[in-house]
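Before any comments, here is the structure.
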Amino acid sequence: MERKQGMRSASEKAASFNKHFKERTNRQHALSFAACVHCGMCNESCHYYLATGDPSMTPAAKVDKIRRIYKAQNDWLGKLVPGWVGAREMKTDADLEALKDVVFGSCSGCRRCTVNCPFGVDTAILIGLARSCLVDEKVAPEGILSVMKDQWEWGNQMAIPKEEYLETLAWVEEELQAELDDASAKIPIDKEGADFVYVVNPREIKYSPMSLQAAAKIFHVAGLNWTMGSEGWDNTNFGLFSGKADLGGHMGNLAYNHAKKLGVKRMVVSECGHGLRSTKWEAPNWGKANPLPFEIVSMLEVMVDLINTGKIILDPNKNPHPVTYHDPCNLSRSAGITEEPRFCLKRACKDFREMTPNRADSFCCTGGGGGMSMAEYAKRRVSVGSVKAEQIKATGAAIVATACHNCVDGLTDVIKHYELKYDFGNGKPQFLKVPNICELVGDAIVVPKDLPKGKPVTRERFKGKKILVIDDSPDIVAYLKTLLEDNHYQIITAHDGAAGLAKAKSERPSLITLDITMPGKSGIQVFQELRSIPELEGTPVFIITGQIDFRQLMYQKKVQAPEGFMSKPIDEDVLLMTVERLLHYTKHKSAN
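With my numbering applied, the sequence shown corresponds to residues 20 to 611, in that order.
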């Protein structure tokens, strides 16, 4: 349907977009719309422009696509002679699609242009305004809409059921106890009167529990009185990435209300750039939650305090390879967290090397602004990552530490796309590693000999469990078969999708590992078919791939997301940890 708009017609969606745009434009937006003089100072600050040389990728040019709507609605010349000043509202659905490509596909909201703007034009809030209006019309990447839905309905961005969350915490606790050989090492849940509650990125529950285990190790060795919550534990907030303040307030209040119930003095936010920014500053305003009865701090600040007070002692020789640091955009430019990570790394690592430029002038990892959830823009995202790749390469580092899980994924994609490798000592260069800082600090901790211990740990194991390995590479299949059989699993294999589906039906494995790129049926097709087989309901699928397009399975959820994933080349420790976690959860789920 079309609706008349002046002398021209506008689609229903475009008319609705224009209405919401006018209603939501505030004085902050108006100032940034009016202040830009097109001086070009922002051009060299944007990695999209630097990588492509395309004038349409400059921040000013991108915002002009939004500014013209503002001019049409608010500028007297824009109303009188719109053609002279480039004023134009949205008219058609095609206009909305074109704007979607600009604000979702060509800007990560990193704010580097704002830092370099002599007038302080905040491009990111203008991008957010346009995003919010597009989201209302469902003209947005499917991954963004899917994650928003999950945060509304599940209270976390990966739709993790409470049972799975609690079972994962129990499993990580067992892993920590085994690492320390100490049954007293705990991950407390809903401990009233604890000094602080620890809120995490759902990636730490679903795909990267090693970060949570490292944090729990730090807290245990330091003797801290802490807890995790059974509710309101997700520190991520797609209200920021979508521009939707109502979702932002909802996610913030889930965390705030549970923290109030527990009576904690502090909320500690795990290493997540937008998670800290939204939890500490944005969500209290979105959710009208101020004043809060507790302090909100970053995990980085906690680690600095523990090192300074001697509650944890670090041995940098435990991290001997050269390490550099990537500043997450939301931590450096929007939260002022720049020195804390360097303080930790210089004490946890033997060879720390600064990346240039750095701190508030650092370039984006390419994955910010919700970029990791937008599979349709993945190729563009890594193509403009050449700027970041050159930064990393110049350091000569083996390890790129960061303090954000989106950055871990974004940097990992860039490192693989540009084949950034380092010889870790076996004569075979491997891709650079990208850990969070707490993982390096956890590795460097000197566990005191007089640390009070509980009884020795006896671990539950899953010997003899049947695992189906589906991969078209004979070398990968042979490697996985040998590694898993050495750890007492029963292995069956398939070299293409059709054979994999047939063996999954006939063998009924306890776990399936699946590659994405295979001849015939792709891994994505195979995964979707596996989810439709009634006999395999509840069988966990572990994606092991070197491709970036697998993330559509995580965020564009036509079916239930995969229970595990890891990138090639394979890290043995991560692989075995993930297999144990998935089998642990499956066993306890079936028992209940």
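Glycine included, C-beta positions come from ideal geometry on N, C-alpha and C.
Discussion item. Check for me: the alpha helix (DSSP H) holding LEU533 runs from which residue to which?
Written reply: Within the sequence shown, numbered from 1, the residue matching residue 533 stands at position 514. LEU533 -> not in any alpha helix (DSSP H); beta strand (DSSP E) instead, spanning 530 to 533.
Worksheet item: Apart from the five residues just before and just after HIS39, which ones in its own chain have a Cβ nearer than 8 Å to its Cβ?
Response: Sequence index remark: in the sequence shown, residue 39 carries index 20 (1-based). Only residues of its own chain outside the window of five on either side were considered, and among them SER151, CYS152, ASP155 have a CB closer than 8 Å to the CB of HIS39, listed in chain order.
Discussion item. Taking the straight line between their C-alpha atoms, what separation do you get for ARG570 and ILE562?
Written reply: As a position in the sequence shown, residue 570 is number 551, starting the count at 1. As a position in the sequence shown, residue 562 is number 543, starting the count at 1. Going from the Cα of ARG570 to the Cα of ILE562 covers about 10 Å.
Worksheet item: Alpha carbon to alpha carbon, how far is ALA417 from PHE215?
Response: As a working mapping, residue 417 is identified with position 398 in the sequence shown. As a working mapping, residue 215 is identified with position 196 in the sequence shown. About 34 Å.
Worksheet item: Helix, strand or coil: how does DSSP classify SER317 here?
Response: Locating residue 317 in the sequence shown gives position 298, counting from the first residue. DSSP places SER317 within a strand segment (E or B) once states are collapsed to three.
Discussion item. Determine whether the beta carbon atoms of ALA233 and GLY461 lie at a separation below 7 Å.
Written reply: The count along the sequence shown starts at 1 and reaches residue 233 at position 214. The count along the sequence shown starts at 1 and reaches residue 461 at position 442. Against a cut-off of 7 Å, the Cβ pair of GLY461 and ALA233 comes out as a contact.
Practice prompt. Return the chain-ordered list of same chain residues with a C-beta closer than 7 Å to the C-beta of LYS84, the five sequence neighbours on each side being excluded.
Written response: Position 65 of the sequence shown, counted from the first residue, corresponds to residue 84. Only LEU118, VAL121 meet the Cβ criterion.
Worksheet item: Quick one: Cα of THR597 to Cα of ARG107, how far?
Response: For the purposes of this step, residue 597 is identified with residue 578 of the sequence shown, where counting begins at 1. For the purposes of this step, residue 107 is identified with residue 88 of the sequence shown, where counting begins at 1. C-alpha separation (whole angstroms): 52 Å.
Discussion item. Short of 6 Å in beta carbon distance, which residues of its chain neighbour TYR89, apart from the five on each side in sequence? Order them along the chain.
Written reply: On the sequence shown, residue 89 is found 70 positions in, with the first residue counted as 1. So the qualifying residues of the chain are PHE52.
Fill in: Under 7 Å between C-beta atoms of ALA513 and LYS500
Indexing the sequence shown from 1 puts residue 513 at position 494. Indexing the sequence shown from 1 puts residue 500 at position 481. Between ALA513 and LYS500, the gap from beta carbon to beta carbon reaches 7 Å or more.
Discussion item. Please classify LEU295 as buried or exposed, where buried requires at least 16 neighbouring CB atoms within 10 angstroms.
Written reply: Translated into positions along the sequence shown, residue 295 becomes position 276. Around the CB of LEU295, 16 or more other CB atoms lie within 10 Å, so the residue is classed as buried.
Discussion item. I'd like the span of the beta strand (DSSP E) that includes TYR217, first residue to last.
Written reply: On the sequence shown, residue 217 is found 198 positions in, with the first residue counted as 1. According to the DSSP assignment, TYR217 belongs to the beta strand (DSSP E) that extends over 215 to 218.
Item to complete: Leaving aside the five residues before and after SER297 along the sequence, list all residues of the same chain whose C-beta is less than 6 Å from its C-beta, in chain order.
Response: Here residue 297 refers to the residue found at position 278 of the sequence shown. Take SER297, set aside five residues on each side of it, and the residues of its chain with a beta-carbon closer than 6 Å to its own are ASN256, LEU259, in chain order.
Worksheet item: Would you call VAL56 buried or exposed, if buried means 16 or more other Cβ atoms sit within 10 Å of its Cβ?
Response: Position 37 of the sequence shown, counted from the start, is the residue given in the question as residue 56. VAL56 should be labelled exposed.
Worksheet item: So is VAL82 buried or exposed if we call it buried at 16+ other beta carbons inside 10 Å?
Response: What you label residue 82 is simply residue 63 of the sequence shown in a count that begins at 1. It is buried - the Cβ of VAL82 has at least 16 other Cβ atoms within 10 Å.
Discussion item. Restricting to runs no shorter than 4 residues, where is the alpha helix (DSSP H) found entirely within the region 243 to 331?
Written reply: Contiguous alpha helix (DSSP H) elements confined to the region 243 to 331 occur at 257 to 261, 264 to 281, 292 to 296, 302 to 305, 318 to 327, taking only those with 4 or more residues.
Discussion item. Let me check understanding here. Comparing Cα to Cα, which of ASN455, LYS524, ALA463 lies closest to LEU487?
Written reply: Here residue 487 corresponds to residue number 468 of the sequence shown, with the count starting at 1. A check of alpha carbon separations from LEU487 across ASN455, LYS524, ALA463 identifies LYS524 as the nearest.
Discussion item. Let's test the definition: count the other Cβ atoms within 10 Å of the Cβ of GLN458 and tell me whether it reaches 16, buried, or not, exposed.
Written reply: Here residue 458 corresponds to residue number 439 of the sequence shown, with the count starting at 1. Looking at the sequence itself, residue 458 is Glu, so the reference to Gln does not match. Answer is buried; the Cβ neighbour count reaches 16.
Worksheet item: DSSP three-state call for THR343: helix, strand or coil?
Response: As a first step, residue 343 is located in the sequence shown; it is residue number 324 there, counting from the start. Correct three-state label for THR343: strand.
Worksheet item: When you compare each of TYR226, LYS157, CYS384, LEU231 to GLU193 by their alpha carbons, which one comes out closest?
Response: One-based indexing of the sequence shown puts residue 193 at position 174. Residue LEU231 holds the alpha-carbon nearest to the alpha-carbon of GLU193 among TYR226, LYS157, CYS384, LEU231.
Discussion item. Let me check understanding here. Comparing Cα to Cα, which of GLU409, LYS412, LYS407, VAL453 lies closest to CYS423?
Written reply: The residue given as residue 423 occupies position 404 in the sequence shown. Nearest neighbour of CYS423 by Cα position, chosen from GLU409, LYS412, LYS407, VAL453, turns out to be VAL453.
Worksheet item: Between which two residues does the alpha helix (DSSP H) harbouring LEU350 extend?
Response: The count along the sequence shown starts at 1 and reaches residue 350 at position 331. Boundaries of the alpha helix (DSSP H) harbouring LEU350: 348 to 351, taken from the DSSP string.
Practice prompt. Determine the direct distance from the alpha carbon of VAL427 to that of GLY516, and round the result to whole angstroms.
Written response: The residue given as residue 516 occupies position 497 in the sequence shown. The residue given as residue 427 occupies position 408 in the sequence shown. For GLY516 and VAL427, the distance between alpha carbons rounds to 29 Å.
Worksheet item: Any contact of the region 264 to 283 with the region 319 to 332, i.e. 3+ C-beta pairs under 8 Å?
Response: Note that the region 264 to 283 does not touch the region 319 to 332; fewer than 3 beta-carbon pairs, one per stretch, sit closer than 8 Å.
Discussion item. Quick check: what's the CA-CA separation for ILE261 versus PRO335?
Written reply: Reading the sequence shown from its first residue, position 242 is the one you call residue 261. Reading the sequence shown from its first residue, position 316 is the one you call residue 335. Note on residue identity: the sequence assigns Ser, not Ile, to residue 261. Here the alpha carbons of PRO335 and SER261 stand approximately 41 Å from one another.
Discussion item. Can you tell me where the beta strand (DSSP E) holding ILE486 begins and where it ends?
Written reply: Position 467 of the sequence shown holds residue 486. 485 to 489 is the span of the beta strand (DSSP E), which, as asked, contains ILE486.
Worksheet entry | Contact belief for GLY387 with CYS363 at Cβ below 8 Å, rounded distance in angstroms | Here residue 387 refers to the residue found at position 368 of the sequence shown. Here residue 363 refers to the residue found at position 344 of the sequence shown. At roughly 22 Å, the Cβ-Cβ gap does not stay under 8 Å, so GLY387 and CYS363 are not in contact.
Worksheet item: Hey, would you say ILE356 sits closer than 7 Å to LEU311, going by beta carbons?
Response: As a position in the sequence shown, residue 356 is number 337, starting the count at 1. As a position in the sequence shown, residue 311 is number 292, starting the count at 1. No.
Practice prompt. Kindly provide the ranges of any beta strand (DSSP E) runs that are 3 or more residues long and lie completely inside the region 402 to 474, ordered along the chain.
Written response: Whole beta strand (DSSP E) segments, 3+ residues: 418 to 420.
Discussion item. I want to know whether the region 377 to 395 touches the region 125 to 144 - three or more CB-CB distances under 8 Å.
Written reply: Yes, the region 377 to 395 is in contact with the region 125 to 144.
Discussion item. Which residue marks the beginning of the alpha helix (DSSP H) containing GLY102, and which one marks its end?
Written reply: Within the sequence shown, numbered from 1, the residue matching residue 102 stands at position 83. Taken as a continuous stretch (DSSP letters only), the alpha helix (DSSP H) holding GLY102 covers 101 to 104.
Fill in: Proximal residues to SER75 (C-beta, below 7 Å), its chain only, five neighbours per side dropped
For this step, residue 75 is matched to residue 56 along the sequence shown. Cβ neighbours of SER75 beyond the five flanking positions: none.
Discussion item. Can you check which of these residues, ILE489, LEU439, ASN37, ALA394, is closest to ASN93 by C-alpha distance?
Written reply: The residue you call residue 93 lines up with position 74 of the sequence shown. Looking from the CA of ASN93, the closest CA among ILE489, LEU439, ASN37, ALA394 belongs to ASN37.
Discussion item. Tell me the rounded alpha-carbon separation between ALA70 and LYS468.
Written reply: Numbered from 1 along the sequence shown, position 51 holds the residue referred to as residue 70. Numbered from 1 along the sequence shown, position 449 holds the residue referred to as residue 468. The straight-line gap from Cα to Cα measures roughly 52 Å.
Worksheet item: Are the beta-carbon atoms of VAL166 and GLN176 separated by less than 7 Å?
Response: Taking the first residue of the sequence shown as 1, we reach residue 166 at position 147. Taking the first residue of the sequence shown as 1, we reach residue 176 at position 157. Their beta carbons are under 7 Å apart, which means VAL166 touches GLN176 by this criterion.
Fill in: Distance between beta carbons of TYR226 and PHE481, contact taken as under 8 Å
Taking the first residue of the sequence shown as 1, we reach residue 481 at position 462. Taking the first residue of the sequence shown as 1, we reach residue 226 at position 207. TYR226 and PHE481 do not touch by the CB rule: their CB atoms are close to 19 Å apart, not below 8 Å.
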